[in-house]
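Undergrad: The sequence shown runs 1 to 276 under the UniProt record's numbering.
For glycine and all other residues, C-beta sits at the position ideal for the given N, C-alpha and C.
None of these values were measured; they are calculated from a predicted model.
Take a look at this one; I'll ask things after.
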Amino acid sequence: MNRDELADFLRVRRAHVSPADVGLPAGGRRRTPGLRRQEVAQLAGMSIDYYIRLEQGRGPHPSRQVLNALARALMLGRDERAHLFHLAGQAMEAPRIREDVPASLLHLISFLEEVPAYVLDARYDLRAWNPLAAALMGGLDGLADDERNVIRWVFLSPDIAEHFADEEKSRFARAAVADLRAAAGRHPGDRRIQALVTEMLALSPHFAELWSRYEVEIRREQRKQVTHPAVGTIDAICQVMPVPDRDDLRLVLYTTEPGSPSHRALRDLRRLTLSS
Numbered sequence: 001m002n003r004d005e006l007a008d009f010l011r012v013r014r015a016h017v018s019p020a021d022v023g024l025p026a027g028g029r030r031r032t033p034g035l036r037r038q039e040v041a042q043l044a045g046m047s048i049d050y051y052i053r054l055e056q057g058r059g060p061h062p063s064r065q066v067l068n069a070l071a072r073a074l075m076l077g078r079d080e081r082a083h084l085f086h087l088a089g090q091a092m093e094a095p096r097i098r099e100d101v102p103a104s105l106l107h108l109i110s111f112l113e114e115v116p117a118y119v120l121d122a123r124y125d126l127r128a129w130n131p132l133a134a135a136l137m138g139g140l141d142g143l144a145d146d147e148r149n150v151i152r153w154v155f156l157s158p159d160i161a162e163h164f165a166d167e168e169k170s171r172f173a174r175a176a177v178a179d180l181r182a183a184a185g186r187h188p189g190d191r192r193i194q195a196l197v198t199e200m201l202a203l204s205p206h207f208a209e210l211w212s213r214y215e216v217e218i219r220r221e222q223r224k225q226v227t228h229p230a231v232g233t234i235d236a237i238c239q240v241m242p243v244p245d246r247d248d249l250r251l252v253l254y255t256t257e258p259g260s261p262s263h264r265a266l267r268d269l270r271r272l273t274l275s276s
């Protein structure tokens, strides 16, 4: 059980729920946003002293019943609820993150000739990709292993503006940090994830601000607009699919509407890749 992280999570999520959200009167001026501790305790059916001890990081090990009650009181989504259980030590221990990529997955992405595809691990390291993904993202083959990290690229790379508009970058950065927070909960003992978070907190104020929000949401599908210098703007659906029996790996596909300008742009990019 990670008492300090659990305490932080409860405090931050409490601040994001207003009395009106849960059918309570505002009750005059409030010094801080969100619910009061007493209101959370009341909604969860527990004593105020018990809840205060949880928020102070000195409470007992909460039962599954208590965690479910807190999740309802704080209006947590599915991913946030799972994260709460991870922090309280109630979820099954996650397997150690492995370095290998299954051969079947490598074969699959190589067969997807008209779809940019890559394999991403839990800490956002790119582990494998097909030629079209390399062409779309640019320069993957020439990077060192520790440079092929999407989190570092989004928050630290000076050339990201060439690929994403400000609004697109902001939306993706927020989703990536919320997803990384979920991964940190699923893999509490992974030092590589911990080291990445420590590094980014020191180097990127934007990352630090998003991390402090304590948003938790696993990436599954997201619309993206990517600008490529050779073929222009591509509107794609970024599909993120878990790899069976490997919750440390995910397959990421960029798909476009058949016959659309974006679909034609990807085909043009593939032709450029084959001719180079």
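Output needed for residue 299: all residues of its chain with C-beta closer than 7 Å, excluding positions within five of it in sequence on either side, in chain order.
TA: Residue 299 lies beyond the residue range present for the chain, which begins at 1 and ends at 276; the question has no answer from this structure.
Undergrad: Which value, in whole angstroms, describes the spacing of the CA atoms of Thr227 and Ser110?
TA: Cα to Cα, Thr227 sits roughly 23 Å from Ser110.
Undergrad: Mapping DSSP to helix, strand and coil, what is Gln90?
TA: Coil, per DSSP.
Undergrad: Should Arg250 and Leu120 be called a contact, given that it needs their Cβ atoms to be closer than 8 Å?
TA: In contact: Arg250 and Leu120 (Cβ atoms closer than 8 Å).
Undergrad: Is it buried or exposed, Leu201, if we count other Cβ atoms within 10 angstroms and call 16 or more buried?
TA: With fewer than 16 other Cβ atoms within 10 Å, it is exposed.
Undergrad: Tell me which residues share the same chain as Ala133 and place their Cβ nearer than 7 Å to its Cβ, disregarding the 5 neighbours each side in the sequence.
TA: Closer than 7 Å at Cβ, skipping near neighbours: Pro116, Ala117, Tyr118.
Undergrad: Ignoring anything shorter than 4 residues or poking outside the segment 27–81, list the alpha helix (DSSP H) runs there in chain order.
TA: 37–44, 48–55, 64–73, all fully within the segment 27–81.
Undergrad: Restricting to Cα atoms, I'd like to know which of Glu199, Arg171, Val252 is closest to Gln225.
TA: It is Arg171.
Undergrad: Secondary structure at Ile109, three-state DSSP: helix, strand or coil?
TA: Here Ile109 sits in helix by DSSP.
Undergrad: Is the beta carbon of Arg14 sitting closer than 8 Å to the one on Gly45?
TA: No, Cβ-Cβ distance for Arg14 and Gly45 is not below 8 Å.
Undergrad: Let me check one thing: in DSSP terms, what residues is Pro242 bridge-paired to?
TA: Answer is Arg250.
Undergrad: To the nearest angstrom, how far is the alpha carbon of Pro258 from that of Thr273?
TA: So the alpha carbons of these two residues sit roughly 20 Å apart.
Undergrad: Quick one: complete beta strand (DSSP E) runs, 3+ long, within the segment 211–239?
TA: Entirely contained in the segment 211–239, the beta strand (DSSP E) runs reaching 3 residues are, in chain order, 221–228.
Undergrad: Per DSSP, what kind of secondary structure is Ala265 in: helix, strand or coil?
TA: In the structure shown, Ala265 sits in a helix (DSSP, three-state: H, G or I).
Undergrad: Name the residue from Trp129, Val177, Ala128 whose alpha carbon lies nearest to the alpha carbon of Ile151.
TA: Ranking the options by Cα distance to Ile151, first place goes to Val177.
Undergrad: Let me know the secondary structure DSSP gives Val119 once reduced to three states.
TA: It is a strand residue.
Undergrad: Around the C-beta of Thr233, are 16 or more other C-beta atoms found within 10 angstroms, so that it is buried, or is it exposed?
TA: So Thr233 ends up on the exposed side.
Undergrad: Excluding the 5 residues preceding and the 5 following Ala82 in the sequence, name in chain order all residues of the same chain whose CB lies nearer than 6 Å to its CB.
TA: If we look at Ala82 and ignore the five residues flanking it on each side, it has no Cβ neighbours.
Undergrad: Restricting to runs no shorter than 3 residues, where is the beta strand (DSSP E) found entirely within the segment 130–209?
TA: The segment 130–209 contains no whole beta strand (DSSP E) run of 3 or more residues.
Undergrad: Please name the residue, chosen from Arg64, Arg223, Val17, that lies closest to Asp235 on a Cα-to-Cα basis.
TA: It is Arg223 whose Cα lies nearest to the Cα of Asp235.
Undergrad: Considering only DSSP beta bridges, list what Ala20 is partnered with.
TA: Answer by DSSP bridge pairing: none, since Ala20 is not bridged.
Undergrad: Could you name the residues of the same chain whose beta carbon sits closer than 7 Å to that of Gln38, not counting the 5 residues immediately before and after it, in chain order?
TA: If we look at Gln38 and ignore the five residues flanking it on each side, its Cβ neighbours are Ile48.
Undergrad: Tell me whether the beta-carbon of Glu5 lies closer than 8 Å to the beta-carbon of Leu87.
TA: The answer is yes: Cβ separation under 8 Å.
Undergrad: Just checking my contact of Asn2 with Pro188 at CB under 8 Å: how many whole Å lie between their CB atoms?
TA: Indeed, because the Cβ distance is near 6 Å, the residues count as touching under 8 Å.
Undergrad: If I follow the unbroken alpha helix (DSSP H) through Asp100, where does it start and stop?
TA: From DSSP, Asp100 is part of no alpha helix (DSSP H); its letter is neither H nor E.
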